[in-house]
Amino acid sequence: MAWTRKYLRINLTAGTVKVENLNMQWANDYLGQRGLATKYFVEEVDPKIDPLSPDNKMIFTTGPLTGTMASTGGRYSVVTKGPLTGAIACSNSGGYFGAELKFAGWDMIIVEGKSPKPVYLSIADDKVEIKDAAHLWGKTVWQTEEIIKKTHQDPLVRVSSIGRAGENGVLYACIVNDLHRAAGRSGVGTVMGSKNLKAIAVRGTKGVGNIRDPKAFMKVTYEKKKVLADNAVTGQGLPTYGTQVLMNVINEIGALPTRNHRDVQFESASKISAEAMHEKRPDGKSHLVTNQACFGCTIACGRISKLDEKHFTVKNNPQYWGASGGLEYEAAWALGAANGVGDLEALQYVNMLCNEDGFDPISFGATVGAAMELYELGLIKQEDIGFDAPFGSAEALVKMGEMTARGEGFGKLLGLGSKRLCDKYGRGDLSMSVKGQEFPAYDSRGIQGIGLAYATSNRGACHLRGYTVASEVLGIPVKTDPLTTDGKPELVKAFQDATSVFDSSGVCVFTTFAWTLADLQPQLAAALEGDWSMDKLNLMGERIWNMERQFNNAAGFTGKDDNLPPRLTTEPAKTGPAKGLVNGLATMLPEYYRIRGWDTEGRPTAETTKRLGL
Amino acid sequence: MNITIKLYATLGDYLPLEARRNNRLVMQVGDDTTVTDVIAPLNMPEKLVHLVLVNGHFVPPAARNTRKLTEGDVLAIWPPIAGG
Ligand code: SF4
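Chains as they are written, first to last, in our numbering: chain A, 4 to 617; chain B, 1155 to 1238.
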């Protein structure tokens, strides 16, 4: 057992801290992290509640492999009901916070209620205190982390916090740990802000000693690290170029959403790509400084970059001259191609704002794209924003980033996300989102399967719930044709179910570029008591998926919400290999429901829930 | 006829120095030139020639010997890579 078998229940309304024992039957059925915390969540929370009311709970949760020597075993997730979507939210982060929480002796923290005043939670092994955070309110993530480390006189305390975005009700606020690692999507940081919880600071000194068979575990984790090292993607591609290497690939295949999905190829893609980050700038330095790993990770995909000090964004702001996290592919796309902005330095500056004040660069960038389209259509006027905001304007992007971070002027509207923004101007169809959450960096006209994955993702549009791009574009584990809908329902289901298990284990989903469930299984079997067969894991993945689905259905979602904006199903791609194509969601969805064992309204049938033990 | 070859990520090093900055090179080739005919003289390790696209369409390894190029074609190649 690599669970500590204990978790904390923090009631912020009453100001109480309780220690409870982990339900081991549930751990056996739902593993940990995403699966197990969602089980607790759906058992305890009414699906109909307002996500920003004290009735919502949030669960910070580790997996059984978090903090162990399994490669990438540093992950934690935050499970709650998301304010951007109204659906289940589960956001996953790396860095060092998750492992530290485990070292302190806790599998999870369940946060309930709402504090009457700003507080932060301090955990030092068994010493758990709710502390006043009046001095931290109004501070950025970066300031908060620094102040807490100073106050605790401990540079090794790990901090997970919200910035001003989470305090100001930006509906896609993140929770950021270790300065630039984030539980990024669906507004989990907004929920934290609504509870007046500024941060969680953790110091753990207990280690993770409770592995079932330590010798077998050491042997198998060593073997599986070798699989990652020997694989060209996880051993060379990701450490050298990071996720950003996709920019040119996705542009080339005509699936790079550009200018709010008006186009599928971006003429400046190469200027904001991984290759561009390696090139020397006019100042003689390259943008990229180094790569960086999360706890226990032998892949090290993270990017650390330094801005050109003469760039207009920072020439008078030396506090942004240091090396900092980014750009990753998703952020570079959302802040860049989605708005037609091809200025790499401007994108990294805004990415730094997102890390500094804790808001999701995907939803923010896509919302700016929607605002720019509304501006070009004449629906948003210059006087509404305070400046011109045509597609391609780096200046407008930067100002919008600053306004959103600070909660000023038009930034307040941008902070509500593209759906609410577009609805306000009578053009809800221009919000490039599913269930209110903005698309990530793949156009589903050029990659058909990802359209179905977006439409059916339980947390709104998301690539990390079923990354069929791996197969459709990159040939992992096998190459499929991105332009056809054939076989995609099965592919989407297989990715969704397997990812549910990886997300519940404590390891990073990027291992799946080299590992399959068959590589994870022996690591779990060596670490945990009980049966951890492939059959059990396969069924568990499906169970987790259906459990999330049931929560959403009970929250009021129906099959009608498994949809894509009309632009993607009626306006054909204008260029590239997908020219003339729209997404074939209507062809894929009924078949997907059928193989899921759902009725035509997208509800799991009684037979399905029985088979899955739900 | 003219075709464009684009080599990305670590494969950029196999382009002539002056073409590396943009990762691309316009080449003159004869009629009936296949994908393999263009790739072979570049001496790239075979396992690095992973994702091969002509005008954005995937060319499976087995088809590289027979897939002929035509005027204006864009041949783009990546080593094994991924992201997300
Ligand atoms: S692969 Fe990247 S995101 Fe995943 S744990 Fe490693 S460094 Fe972190």
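Each residue gets a CB set at the ideal place from its N, CA and C atoms; glycine is no exception.
Closest residue to residue i among the options (Cα-Cα distance)
| i | options | result |
| --- | --- | --- |
| A:P575 | A:L330, A:N461, A:P57 and A:G587 | A:G587 |
| B:V1183 | B:G1237, B:T1224, B:I1231 and B:T1220 | B:T1224 |
| A:H264 | A:P485, A:V371 and A:R552 | A:V371 |
| A:G439 | A:K422, A:L159, A:K84 and A:Y428 | A:K422 |
| A:A232 | A:A202, A:S308 and A:I302 | A:I302 |
| A:R306 | A:Y332, A:A497 and A:G299 | A:Y332 |
| A:A92 | A:G490, A:N320, A:F63 and A:D181 | A:F63 |
| B:I1157 | B:T1164, B:E1172, B:V1189 and B:R1175 | B:V1189 |
| A:A127 | A:D53, A:T208, A:L417 and A:R167 | A:T208 |
| A:K309 | A:G172, A:K288, A:N171 and A:P57 | A:K288 |
| A:D58 | A:V504, A:C177 and A:D49 | A:D49 |
| A:I214 | A:S460, A:A204 and A:T69 | A:T69 |
| A:G141 | A:N199, A:D129, A:A107 and A:E132 | A:N199 |
| B:Y1168 | B:N1219, B:V1192, B:D1185 and B:V1228 | B:V1192 |
| A:L159 | A:E170, A:A185, A:F106 and A:N294 | A:F106 |
| A:P364 | A:G343, A:L338 and A:G345 | A:L338 |
| A:L417 | A:A30, A:A369 and A:T65 | A:A369 |
| A:C297 | A:L400, A:T224 and A:A73 | A:A73 |
| A:A5 | A:S163, A:P217 and A:T488 | A:P217 |
Heavy atom of the ligand SF4 within 7 Å of residue i beta-carbon
| i | result |
| --- | --- |
| A:T75 | yes |
| A:G97 | yes |
| A:A620 | Residue 620 of chain A cannot be examined here, being either before or after the span of chain A that is shown, 4 to 617. |
| A:C511 | yes |
| A:A232 | no |
| A:C304 | yes |
| A:C624 | Not covered by the structure: residue 624 of chain A. The range shown for chain A is 4 to 617. |
Identified DSSP bridge partners for residue i
| i | result |
| --- | --- |
| A:P607 | A:W601 |
| A:Y10 | A:E23 and A:M111 |
| A:R618 | In the structure displayed, chain A extends from 4 to 617; residue 618 of chain A sits before or after that span and is not available. |
| A:L124 | A:I133 and A:I203 |
| A:K209 | Beta-bridge pairing links A:K209 to no other residue. |
| A:R161 | A:V205 |
| B:H1211 | B:V1208 |
| A:Y332 | According to DSSP, which records beta bridges pairwise, A:Y332 is partnered with nothing at all. |
| B:M1181 | B:I1157 |
| A:T65 | A:Y79 |
Residue i to residue j span [Cα, whole Å]
| i | j | result |
| --- | --- | --- |
| B:E1200 | B:I1231 | 12 Å |
| A:V236 | A:E359 | 30 Å |
| A:C304 | A:L615 | 35 Å |
| A:E149 | A:L104 | 19 Å |
| A:E604 | A:K42 | 23 Å |
| A:N566 | A:E551 | 17 Å |
| A:L494 | A:D157 | 47 Å |
| A:D32 | A:E545 | 11 Å |
| A:Y175 | A:N26 | 31 Å |
| A:A272 | A:L291 | 17 Å |
| A:Q526 | B:G1226 | 51 Å |
| A:W518 | B:I1235 | 15 Å |
| B:R1221 | A:G583 | 24 Å |
| A:K491 | A:V585 | 15 Å |
| A:G528 | A:W548 | Note that residue 528 of chain A is Ala in the sequence shown, not Gly. Going from the Cα of A:A528 to the Cα of A:W548 covers about 22 Å. |
| A:T143 | B:N1197 | 51 Å |
| A:G18 | A:E475 | 50 Å |
| A:E398 | A:V353 | 11 Å |
| A:G478 | B:V1206 | 11 Å |
| B:A1216 | B:L1165 | 21 Å |
| A:G562 | A:G452 | 18 Å |
| A:D534 | A:A349 | 51 Å |
heavy atom of the ligand PLP below 7 Å from residue i C-beta
| i | result |
| --- | --- |
| A:C93 | Looking at this structure, you won't find the ligand PLP anywhere; what it does contain is the ligand SF4. |
Problem - Cβ contact (3+ pairs, closer than 8 Å) linking the segment 388-400 of chain A and the segment 150-169 of chain A - result: no
Practice task
Give a yes or no on contact between the segment 476-490 of chain A and the segment 1203-1214 of chain B, applying the rule of three or more CB pairs nearer than 8 Å.
Solution key: yes
Problem - Inter-stretch contact (C-beta, 8 Å, three-pair minimum) for the segment 179-190 of chain A and the segment 371-383 of chain A - result: Proximity of the segment 179-190 of chain A to the segment 371-383 of chain A falls short of the contact definition, fewer than three beta-carbon pairs being nearer than 8 Å.
Problem - Contact the segment 6-18 of chain A vs the segment 77-89 of chain A: 3+ CB pairs below 8 Å - result: Verdict: no, contact absent.
Exercise for the section: Could you tell me whether the segment 419-435 of chain A touches the segment 399-408 of chain A, where touching means 3 or more Cβ pairs closer than 8 Å? Expected result: no
Handout entry: Touching by the beta-carbon criterion (3+ pairs, under 8 Å), the segment 498-515 of chain A and the segment 467-477 of chain A
Key = Yes, the segment 498-515 of chain A touches the segment 467-477 of chain A.
Exercise for the section: Evaluate contact between the segment 238-258 of chain A and the segment 313-324 of chain A, counting only Cβ atoms and requiring at least three cross-stretch pairs below 8 Å. Expected result: no
Exercise for the section: Would you be able to state if there are at least three C-beta pairs under 8 Å between the segment 248-264 of chain A and the segment 431-447 of chain A? Expected result: Yes, the segment 431-447 of chain A is in contact with the segment 248-264 of chain A.
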